[in-house]
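> Top line first, the protein sequences correspond to chains A and B. The UniProt record's numbering numbers the first residue of the first sequence as 1 and each following residue consecutively. The UniProt record's numbering numbers the first residue of the second sequence as 1 and each following residue consecutively.
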Amino acid sequence: MPRDATPEPIPTNRGPTRAEAMALAARRRRRLQAWLPWIIILGTFLIWEAVVFAFQIPQFILPAPSDIAASMYKWWWPLLDNSWQTLMTTLIGFAFAIAFGLALGVAIGSSSLLYAGLYPLLIAFNSVPKVAVVPILVIWFGIGTVPAVITAFLISFFPIVVNVATGIATVEPELRDVLRALGAKPTDIIRKVGLPRAMPYFFASLKIAITVAFVGSIIAETVASNKGIGHLMILASSRFDVPLVFAGLIITGIMGVVMYAIAVKIEDRTTGWAMRGQEGQSVATSIGG
Amino acid sequence: MERPFVEIMDVAMRYGGVEGTLALKDCSLTVGKGEFVAVVGPSGCGKSTLMRLVTGLWPMTQGNVIVAGQEVDRPLSSAGMAFQAPTLLPWRTILANVMLPLEVVEPHRRRLRSERAMYDAKARRLLAMVGLKGFEEKFPYQLSGGMQQRASLCRALIHDPALLMLDEPFGALDIFTREDLWLELQTVCQTLKPTVILVTHDLREAVFLADRVLVMSSRPGRIIAERKVPFPRPRTMEDIYKPEFQALLHDLREHISDARRAGATLEASHAA
Ligand SMILES: Nc1ncnc2c1ncn2[C@@H]1O[C@H](COP(=O)(O)OP(=O)(O)O)[C@@H](O)[C@H]1O
Ligand SMILES: [Mg+2]
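(1) Please list the terminal residues of the continuous alpha helix (DSSP H) segment that includes R29(A).
(2) Which class does K25(B) belong to by DSSP, given the choice of helix, strand or coil?
(3) Looking at ligand 1, does it come within less than 8 Å of L29(B), judged from the CB to the closest heavy atom?
(4) Starting from E221(A), trace the alpha helix (DSSP H) both ways and give me its first and last residue.
(5) Do D26(B) and ligand 1 come close, with the Cβ less than 8 Å from some heavy atom?
(6) Could you name the residues, in chain order, whose CB is less than 7 Å away from a heavy atom belonging to ligand 2?
(7) Looking at the C-beta of P59(B), does it have a partner C-beta in chain A at a distance below 9 Å?
(8) Nearest CA to the CA of A274(A): which residue from W91(B), L181(B) and R219(B)?
(9) So residue 326(B) contacts chain A; which residues on that side make the cut at Cβ distance below 8 Å?
(10) If we count the other Cβ atoms within 10 Å of its Cβ and call it buried at 16 or more, is G105(A) buried or exposed?
(11) In angstroms with no decimal places, state the Cα-to-Cα distance between A245(B) and D239(B).
(12) With distances taken Cα to Cα, identify the nearest neighbour of L179(A) among G230(A), K227(A) and V193(A).
(13) Which residues in the same chain have their Cβ closer than 8 Å to the Cβ of T211(A), if we skip the five residues on either side of it in sequence?
(14) Tell me whether the beta-carbon of V138(A) lies closer than 9 Å to the beta-carbon of P147(A).
(15) Which term fits H159(B), buried or exposed, when burial requires 16 or more other beta carbons within 10 angstroms of its beta carbon?
(16) Where does F94(A) fall in DSSP's three states?
(17) Select from the segment 99-123 of chain B all residues with a C-beta closer than 8 Å to any C-beta belonging to chain A, and list them in chain order.
(18) Ligand 1 and A23(B): does the residue's C-beta get closer than 8 Å to at least one heavy atom of that ligand?
(19) Please confirm whether any heavy atom of ligand 1 lies closer than 8 Å to the CB of Y201(A).
(20) Helix, strand or coil for I155(A) per DSSP?
(21) 9 Å is my cut-off, CB to CB: does M13(B) come that close to chain A?
(22) For R227(B), which three-state DSSP category applies?
(23) Measuring alpha carbon to alpha carbon, tell me which residue in P59(B), Y141(B) and I175(B) is nearest G272(A).
(24) At what residues does the beta strand (DSSP E) containing G80(B) begin and finish?
(25) In terms of residue numbering, what span does the alpha helix (DSSP H) encompassing Y73(A) cover?
(26) Across the segment 146-163 of chain A and the segment 205-222 of chain A, are there enough close Cβ pairs to call them in contact, namely three or more that are closer than 8 Å?
(27) What are the residues in the segment 66-97 of chain A lying within 8 Å of chain B by C-beta distance?
(28) Looking at the C-beta of T285(A), does it have a partner C-beta in chain B at a distance below 9 Å?
(29) Report, in whole angstroms, the separation of the C-beta atoms of S219(A) and V162(A), which I expect to be a contact under 8 Å.
(30) Determine the extent of the beta strand (DSSP E) in which D167(B) is found, giving its start and end residues.
(31) What is the DSSP secondary structure of M99(B), reduced to helix, strand or coil?
(32) Given 8 Å as the limit, tell me if R180(A) has its C-beta closer than that to any heavy atom belonging to ligand 1.
(33) Are the CB atoms of V65(B) and V11(B) nearer to each other than 9 Å?
(34) Expressed to the nearest angstrom, what Euclidean distance is found between the alpha-carbon atoms of T90(A) and T145(A)?
(35) Report yes or no: is there a C-beta of chain A within less than 9 Å of the C-beta of P194(B)?
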């Protein structure tokens, strides 16, 4: 009998093996995970509709989802127009936040002197409610798009700065020594190690930054603008058109989720290496506001 | 007589101001060109500190270090270093990790682009020498600790450093992996002939690898004993069990015990 013949599998009639069963369960679980958010949203709307109907809640207190949908249909053009405005405002402010946040984060992360000097200032600045800054911006730039862009920028650069600085400042001392003993200049170390290392932190911060950027531009629009979804909601509420206010809120939420999803996609594409071997965990993020 | 490649003269190092920890005091030693020297000593005696001073990574409090006839007053420009942790870059493949020094050290830095193929082949050769053939395109997380440490050694050697500094490079490995790596390091050093300073607290490792073993006192560290290791190369694992090897181990062990006792009484008298 040949020595290398593979042994016959022990015949069983117990159906699938344990490994197969586990794989099947895992697949079912993943499918459920993908559908769960949609099921929950749908469920929430159904319960909401039922509650409004059962208790006869007047429309100007809590409109039913069907009323909100009707209002969206009726006001589709102003909603679209103003959402577009808000989206643009947010993205421009966000773009500035990325450029400025990266630069300042690299500077603070690579120089302990700058870190000591600027960090308390940044914390102080981040603690100031941005809604209090908007009137000042209006005095400087007048009512319109500019204060909204600046507010989106001001509110969203902080998480980027903190995360990039953390990524760069926490390069392992041994690795730094290896490079310095090779005659590497500080710029070499930042380029070869600091920046790539900071990327997962940076992309993690983008998810936070983009959502708070929306908050920033909408705050500014509600206080001092004649355009944008925030302005539209203020107008609607002054006319007691509560369904339209809710329509605005829901559209804002959708925009936030979509931008967040895009940031996650970019993060996965660019810094997959940071997640390997530790799936499910994510890099620490800090929240600014 | 030819001048030693590394000269350390009456070096003292105190961390953190006048009241800080005195890590080294009156520490002197020399290392010849192409020599393999091991420094052993109890933990916390200032071995890592010595490495930082020789490579110019930290300014010393007192004394002089001369490397290749030049006073060290800034980081050296092409020393290879490896530590207990492999510190590979997780976003680079093993090959790219090994080639990192070539992107930093002149003249390789200038030539890397035009002679990529040559450098690439060199890195692969080095990896093959330590048994990492076939892992060039893998990422660090796909390798075991011992394999990562092998790659880290290759990174320290890729640019043909005249000086190789190893700070307990095998400290985190199991005994079998460690012994494999001794043999591989021996082969690599016989081929490339760098000057090596190895810091370790493993006496067998020191005697197996080095031409000369230096014993350091407990803090503040200085050299209190020195033994030549006369055994011919290449040495094999069998050599460890020979009586002369064991006798040398025994002798060194005595010195370390003395150093630790002296350190203990010193601390006790400070406490009193
Ligand atoms: N960066 C530092 N700052 C202050 N003290 C330090 C620093 N590095 C080392 N020391 C102190 O110097 C002494 C020697 O440390 P080290 O050279 O790391 O010893 P070894 O490598 O022999 O274990 C220790 O007492 C340690 O606490
Ligand atoms: Mg040490």
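Yeah, the Cβ is synthetic: ideal placement off N, Cα and C, and Gly gets one too.
This is what the structure holds:
(1) R18 to A54
(2) strand
(3) no
(4) In the DSSP annotation of this structure, the continuous segment of the alpha helix (DSSP H) that includes E221(A) starts and ends at L195 to A224.
(5) no
(6) Chain-ordered list of matching residues: K47(B), S48(B), D167(B), E168(B) and V199(B).
(7) Not closer than 9 Å to any Cβ of chain A, the Cβ of P59(B) fails to qualify, so no.
(8) W91(B)
(9) Residue 326(B) is absent from the structure shown; chain B starts at 1 and stops at 272.
(10) Flag for G105(A) reads buried.
(11) According to the sequence provided, residue 245(B) is Phe. The question's Ala does not apply to it. Approximately 7 Å, taken between the alpha carbons.
(12) V193(A)
(13) G256, M259 and Y260
(14) yes
(15) buried
(16) helix
(17) L100, P101, E103, V104, V105 and E106
(18) yes
(19) no
(20) helix
(21) no
(22) strand
(23) Y141(B)
(24) G80 to A82
(25) P65 to K74
(26) Touching, per the Cβ criterion.
(27) Those residues of the segment 66-97 of chain A placed with their C-beta closer than 8 Å to a C-beta in chain B do not exist.
(28) Confidence at T285(A) is low in this model, with a pLDDT of 40, below 50, so the placement of that residue is unreliable and no value is reported for it.
(29) One point to set straight first is that residue 219(A) is Ile, not Ser, in the sequence displayed. Going by Cβ atoms, the distance from I219(A) to V162(A) rounds to 21 Å, so no, they are not a contact pair.
(30) L163 to D167
(31) coil
(32) Every heavy atom of ligand 1 is 8 Å or more from the Cβ of R180(A), so no.
(33) In this structure, V11(B) lies closer than 9 Å to V65(B) by Cβ.
(34) 10 Å
(35) no
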